[in-house]
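J.: Residue numbers (my numbering): 2 to 486. A virtual CB, placed ideally from N, CA and C, is assigned to each residue, including glycine.
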Ligand SMILES: C[S@@+](CC[C@H](N)C(=O)[O-])C[C@H]1O[C@@H](n2cnc3c(N)ncnc32)[C@H](O)[C@@H]1O
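(1) Say yes only if the C-beta of residue 353 is nearer than 7 Å to one or more non-hydrogen atoms of ligand 1, and no if none qualify.
(2) Counting along the chain, where does the beta strand (DSSP E) carrying residue 463 start and finish?
(3) How about residue 32: is its Cβ closer than 7 Å to a heavy atom in ligand 1?
(4) DSSP has residue 397 in a bridge; who is on the other side?
(5) Excluding the five sequence neighbours on either side, which residues of its own chain have a C-beta within less than 7 Å of the C-beta of residue 208, listed in chain order?
(6) List in chain order: all unbroken beta strand (DSSP E) runs of 3+ residues lying wholly within the segment 190 to 238.
(7) If you run the structure through DSSP and keep just helix, strand and coil, what is residue 1?
(8) Excluding the 5 residues flanking residue 82 on each side, which residues of the same chain have their C-beta closer than 7 Å to its C-beta?
(9) May I ask you to list the residues that DSSP assigns as paired with residue 293?
(10) Tell me which residues share the same chain as residue 12 and place their Cβ nearer than 6 Å to its Cβ, disregarding the 5 neighbours each side in the sequence.
(11) Mind checking whether residue 117 and residue 87 have CB atoms under 8 Å apart?
(12) For residue 387, which option in 351, 309 and 419 has the closest C-alpha, if you only look at C-alpha atoms?
(13) Flag this pair as yes or no: are the beta carbons of residue 121 and residue 129 separated by less than 8 Å?
(14) Going straight from the alpha carbon of residue 380 to that of residue 97, what length do you get?
(15) Determine which residues share a DSSP beta bridge with residue 325 and list them.
(16) DSSP three-state call for residue 450: helix, strand or coil?
(17) Could you tell me if residue 296 is buried or exposed, where buried requires 16 or more neighbouring beta carbons within 10 angstroms of its beta carbon?
(18) Does the segment 140 to 147 come into contact with the segment 70 to 78, if we say contact requires no fewer than three beta-carbon pairs (one atom in each stretch) closer than 8 Å?
(19) Looking at C-alpha atoms only, which residue of 465, 475, 478 and 470 is the closest neighbour of residue 143?
(20) Measuring CB to CB, does residue 1 end up less than 8 Å from residue 178?
(21) Could you spell out the range, first to last residue, of the alpha helix (DSSP H) harbouring residue 432?
(22) Is the Cβ-Cβ distance between residue 324 and residue 468 less than 8 Å?
(23) Per DSSP, what kind of secondary structure is residue 364 in: helix, strand or coil?
(24) Could you give the residue range of the beta strand (DSSP E) that holds residue 178?
(25) At a cut-off of 7 Å, would you count residue 239 as near ligand 1, judging by its Cβ distance to the nearest heavy atom?
(26) Work out the CA separation of residue 338 and residue 1 for me, nearest whole Å.
(27) Measuring alpha carbon to alpha carbon, tell me which of 248, 162 and 204 ends up nearest residue 224.
(28) Could you name each continuous beta strand (DSSP E) segment of 3 residues or more that falls completely within the segment 235 to 272, going from the start of the chain to the end?
(29) For my contact list, residue 25 and residue 74 are in at a C-beta cut-off of 8 Å; report their separation, rounded to the angstrom.
(30) Tell me the residue span of the beta strand (DSSP E) that contains residue 567.
(31) Please confirm whether residue 355 and residue 404 have their CB atoms less than 8 Å apart.
(32) With 16 other CB atoms within 10 Å as the buried threshold, where does residue 157 fall?
(33) Rounded to whole angstroms, what is the Cα-Cα separation between residue 167 and residue 14?
(34) Can residue 313 be considered in contact with ligand 1, in the sense that its beta carbon sits closer than 7 Å to one or more heavy atoms?
(35) With distances taken from CA atoms, which of 50, 45 and 49 is nearest residue 70?
(36) Compare the C-alpha of residue 352 against each of 427, 139, 312 and 154 and name the closest.
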């Protein structure tokens, strides 16, 4: 392959370029926006080549903040939206702050991939996410969408109830344990602190790393080695730990890990999972429960009431328990706005462990939760019982099949995975007598795509409520109320 030679000087908008931007070229730009991955967006308007064609190039700049003026170096010119990194920061954006976590420093040699937005103060993070959301809706023709201010956290620290930490190569230790810096597959950060993980995370990492070094096991790399990752789930009520390895490990090592986790937490559960992911064969996952309760337990507070939930290993549960209370209050508010009386029937489609169904069941008599995973439906049935919720029933079914089997409800709540709803589910909802939808989404892109189809299918959007479930990252959750007609 022919290697590109860099441009001889740094060009800026309004100038003439001998050719289009390539890997290694440096441009002087203003960062004006932010993209769906939280990268700064810069535009370069130039004329190019002997024909002096007018061109506009878009760059996604890692660690760029709107308001920065910078020289950026192109790292990937093969996409329509070219990728770049800051080569020299010429003028700092007024939004920039010094990240509180040293591992989130965007100009360090390697930064932790966990918190890409820490260079911006929390209040401004919320405004940036809101601005991004409004632009996304406008670009797809949904300009009049009633988007509300984002509901943030009063103290956006130590909020994650779940972390998966990777074994890998370390600068300091024989075995590393931490997050991969963006762009690195084998190296991991040596964390001294973490602002978003649960409070005991750093001590947990240190002790598990000591155990791993003493075990003489080798970090998994391609098809060699054993140690892959360790998962930690910490709730108000219980702790679950899952060691992920490529092969079974000796019983003495399982024993020593068992003794260690018992010394760190009160009655934690421990599972060892053999995860085989080889090219050309389907990934397999075999978990062995070693100690402690089989299920993880967590408490959520919604409108002042506490709900206790238990969750099977591997099943979905929101990662920010405190903010989930606020998210579920938003869902309740939107259901309230659609409902005619407490007899109105509601489906909670994609219900997982029945958390939303139980909260709805506290207020409404006729709630049906539906999920494709049998273990989740079993959890949901127990959860309704534990919380004394009588108005809820649960069905294990595929969302695509359920519309044929059951008479449809008056109102539907949908909380699908990141990929959003399928066109088939949307058309089934549109063709039914359902009069109102509350759409809960963790992916604005697929949400907007699906909202367009709902509008074409006869629904109108009454409210979009963004909720910040993931501070310091560019992820967000949205609750949308739609009414027929
Ligand atoms: C984002 S989670 C929502 C869980 C739950 N609402 C909560 O707040 O904890 C998505 C859920 O959709 C379920 N799911 C995925 N595909 C499905 C399908 N085709 N039919 C029914 N449920 C499905 C998954 O098992 C998962 O529990």
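T.: Let me lay it out:
(1) yes
(2) 460 to 468
(3) no
(4) DSSP output for residue 397 lists 372 as bridge partner(s).
(5) Excluding positions up to five away in sequence, the list reads 261 and 265.
(6) 228 to 235
(7) Absent from the structure is residue 1, since the part of the chain shown begins at 2 and ends at 486.
(8) Within the same chain, residue 82 has close Cβ partners 59 and 61.
(9) DSSP lists no bridge partner for residue 293.
(10) 18 and 28
(11) no
(12) 309
(13) The criterion of a C-beta distance shorter than 8 Å is satisfied by residue 121 and residue 129.
(14) Their Cα atoms are separated by approximately 45 Å.
(15) Looking at the DSSP assignment, residue 325 forms no beta bridge with any residue, so it has no partner.
(16) helix
(17) buried
(18) no
(19) 465
(20) As displayed, the chain neither begins before 2 nor continues past 486, which places residue 1 out of reach and without an answer.
(21) 424 to 432
(22) yes
(23) coil
(24) 177 to 179
(25) No, Cβ of residue 239 sits at least 7 Å from all heavy atoms of ligand 1.
(26) An answer regarding residue 1 cannot be provided, because it is not within the stretch 2 to 486 covered by the chain.
(27) 248
(28) 240 to 246
(29) 7 Å
(30) This structure leaves residue 567 out entirely; the chain is present only between 2 and 486.
(31) No, they are not a contact pair.
(32) buried
(33) Taking the straight line joining both Cα atoms gives about 42 Å.
(34) no
(35) 45
(36) Looking at the Cα atoms, 312 is the closest of the given residues.
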